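For reference, the structure is listed below as structure tokens.
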Amino acid sequence: MTEPVGTMCFVESRVDRTAQLTALPVERTFVYDPPPLSGSLHLRAAAVLEGNWTGVSTVPSRGLYPHQWSWDSAFIAIGLRHLSPLRAQTELETLLAAQWGDGRIPHIVFNPSVPLDAYFPSPDFWRSSTAGRTAGAPRTVQTSGIVQPPVHALAAWLVHCADPGLSRARGFLAGVYPRLAAWHRYLLHRRDLGGGGLASVVHPWEQGMDNSPCWDAPLGRITPAPARSFRRADLDHGAAEDRPTDLDYGRYVRLATDYRDGEYADGASEFAVEDPSFNALLIASEHALARIARELGATGTARHARAERLTGVLIERLWDPAEGMFFCRDVRGEGLIPERSVSGLIPLLLPDLPRDISSALVRTASGPHFGLGDTTQLPPSYDLLGEAFDPHRYWRGPAWFNTSWLLERGLRLHGERARADALREAVLETAANTDFAEYVDPYDGEACGATGFSWTAALTLDLLHERPGHGVSGTVLGTFDMSDTRD
Ligand code: 9WN
1 MTEPVGTMCF
11 VESRVDRTAQ
21 LTALPVERTF
31 VYDPPPLSGS
41 LHLRAAAVLE
51 GNWTGVSTVP
61 SRGLYPHQWS
71 WDSAFIAIGL
81 RHLSPLRAQT
91 ELETLLAAQW
101 GDGRIPHIVF
111 NPSVPLDAYF
121 PSPDFWRSST
131 AGRTAGAPRT
141 VQTSGIVQPP
151 VHALAAWLVH
161 CADPGLSRAR
171 GFLAGVYPRL
181 AAWHRYLLHR
191 RDLGGGGLAS
201 VVHPWEQGMD
211 NSPCWDAPLG
221 RITPAPARSF
231 RRADLDHGAA
241 EDRPTDLDYG
251 RYVRLATDYR
261 DGEYADGASE
271 FAVEDPSFNA
281 LLIASEHALA
291 RIARELGATG
301 TARHARAERL
311 TGVLIERLWD
321 PAEGMFFCRD
331 VRGEGLIPER
341 SVSGLIPLLL
351 PDLPRDISSA
361 LVRTASGPHF
371 GLGDTTQLPP
381 SYDLLGEAFD
391 PHRYWRGPAW
401 FNTSWLLERG
411 LRLHGERARA
421 DALREAVLET
431 AANTDFAEYV
441 DPYDGEACGA
451 TGFSWTAALT
461 LDLLHERPGH
471 GVSGTVLGTF
481 DMSDTRD
């Protein structure tokens, strides 16, 4: 188990790589950086991450999201490793220090110095240290009680690869491995609510694409909490017409309240969905855990075999051959949810997909529903032809940079180099033009939501380090290329 890393962060801040980079002229020698050609975008992205760094972790956005978020930190660490491998390790260690005894990694770790009314739901809503006591919530740090997608083992492996010497010297992987293993155990056991082997999410916020039309049917069965029982802080920062409706918020609050009042015990939720992206990220992370286990001297064989088996389960439970993509399964309702979300394309990042499935996913991404390389600049979060499509409303159409990055990785992994190069270019250009927007209109790339968004800057940095025209490197980005994990 890792210990909090406050002292190390203090030492790090005196030699901080990002601070050095943002202070130095472009022509100075870079250790972790790409050639000066892309230097200015690189420095701008570094400045965003520097501005959002709190000393132990990075906020997604200073105004809208002023605490530490779980999957944001994983994506942030993936970019931050190119600036400061030590800070990237610290980012993950800070998050993992807030893990619960039952293995869950909370979706928010609250910063006690931020006023309670800066974000809703705040720590006094979640009451983690009291309502979460039975589930093993930490006593000294306040967190939410729900989770987010398990990108963490993948991030930990990639962070290790950025500076294996430093990682070994600090015992980084040895420290995080037991926590990551407990996290996967929690998801694969306590969250197997459908009984078929996949993890279920019990709240739309857990899947990360909060307001996706995929949730409309299962969420429609939930009685909303009265509007007067809570105050939304998100509307202080974003346009109401781009954010979820009050009715949806009432349902989010009801689900979270019921979970809290049941002491965060799993199994009773009225909302339970098996999501393709959440489970694909779990499988990719299980592959990464196999790599980590091998680095630590074990064989990793069982983990690798489990990742392969889970890929089969994902296909069996969520693949629709007629539609050429994956769909969500409503565990409390009637099977697959017939809404096309970008989530249903993200399993492309899995190395063991049969060829016919990876080819079908590429065709669907490039077809009329997502318009990749054709009608859209970046892949939309939801079906361009869907009834609920809205190019500006949260997760109901706009394009996000993390999902674009995941698809770029998947395309490259499956040998679609030209498409991957084009998507990489589009991501870099859109990030540069929008001041690292939170999300964009998928057609014209217009900025939406916050600017100076951390994962946008971090994943921009990561793509700047990718050489166009190449496949995914087996040594640096090894988790996307499993060929050398076979025993
Ligand atoms: C709820 C922080 C998070 C992201 C999510 C995104 C949004 C929060 C909200 O912001 O969710 O967790 O208040 O809407 O949907 O993916 O992790 O950036």
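Okay, so the sequence shown: first residue is 1 according to this note's numbering, each after it adds one. Where is the CB? At the ideal position from N, CA and C, for every residue including glycine. Everything numeric in this text was worked out from a predicted model, so none of it was measured.
Note that the segment 272-279 touches the segment 193-212; at least 3 beta-carbon pairs, one per stretch, sit closer than 8 Å. For Ser144, the three-state secondary structure derived from DSSP is coil. Using a 10 angstroms sphere on the CB of Asp163, the tally of other CB atoms reaches 16 or more, which defines it as buried.
For Trp205, the distance from the CB to the nearest heavy atom of the ligand 9WN is below 7 Å. Trp400 carries a strand assignment under DSSP once its states are collapsed to helix, strand and coil. The three-state secondary structure of Trp395, taken from DSSP, is coil.
When the five nearest sequence neighbours on each side are left out, the beta carbons in the same chain lying within less than 8 Å of the beta carbon of Ile337 are those of Cys214, Ala217, Pro218, Val273, Phe327, Cys328, Arg329 and Asp330, in order along the chain. A distance below 6 Å between beta-carbons, with the five flanking residues on each side excluded, links Asn111 to the following residues of its chain, in chain order: His67.
One thing to note: Leu428 has its Cβ no nearer than 8 Å to the Cβ of Leu411. For Gly208, the distance from the CB to the nearest heavy atom of the ligand 9WN is below 7 Å. In the DSSP assignment, Cys161 falls within the unbroken alpha helix (DSSP H) covering His152 to Ala162.
Taking the Cβ of Asp72 as the reference point, at least one heavy atom of the ligand 9WN falls within a distance shorter than 7 Å. Judged by the Cβ position, Pro123 fails to qualify as a neighbour of the ligand 9WN at the 7 Å threshold, every heavy atom of the ligand being at least this far.
Look at Leu64 here: in three-state DSSP terms it is coil, with no helix or strand label. Secondary structure of Ile346 (DSSP, three-state): helix. Counting the other Cβ atoms within 10 Å of the Cβ of Ser61 gives 16 or more, which makes it buried.
By the 16-neighbour rule on beta-carbons within 10 angstroms, Ala199 is buried. Note on geometry: alpha-carbon atoms of Leu64 and Ala450 lie some 7 Å from one another. Of the residues Ala88, Ala97, Trp205 and Ser113, the one whose Cα lies closest to the Cα of His160 is Ala88. DSSP, read as helix, strand or coil, puts Leu407 in helix. Every unbroken stretch of the alpha helix (DSSP H) spanning 4 or more residues and falling wholly within the segment 57-134 is given here in chain order: 70-80, 85-96, 123-126 and 128-131. Under a 10 Å Cβ-count criterion, Ala239 is classified as exposed, with fewer than 16 other Cβ atoms of the shown protein chains found around its own Cβ.
Looking at Arg168, Leu310 and Trp100, the one whose alpha-carbon comes closest to that of Pro85 is Arg168. The beta-carbon separation of Ala288 and Ala153, rounded to 4 Å, stays under the 8 Å limit for a contact.
8 Å or more divides the Cβ of Ala155 from the Cβ of Ala45. Contact between Asp462 and His82 holds, since their C-beta atoms are separated by about 7 Å, short of 8 Å.
Set against 7 Å, the gap from the CB of Pro60 to the closest heavy atom of the ligand 9WN is smaller. Under the DSSP assignment, Gln207 falls in the alpha helix (DSSP H) whose first and last residues are Pro204 to Gln207. Shown here for Ala426: same chain residues with a beta carbon closer than 7 Å to its own, the five before and five after excluded, namely Gln377 and Leu378 in chain order.
Here Ser454 is not bridged, per DSSP, to any residue. Judged by DSSP secondary structure, Trp183 falls within the alpha helix (DSSP H) whose first and last residues are Phe172 to His189. A heavy atom of the ligand 9WN is found nearer than 7 Å to the CB of Gln148. Nearest to Arg303 by C-alpha distance, out of Leu188, Phe125, Ala365 and Pro115, is Leu188.
Of the residues assessed, Ala284 falls on the buried side of the cut-off, its CB having 16 or more other CB atoms within 10 angstroms. Out of Gly371, Gly51 and Glu50, the CA that lies nearest to the CA of Arg419 is found in Gly371. Secondary structure of Leu198 (DSSP, three-state): coil.
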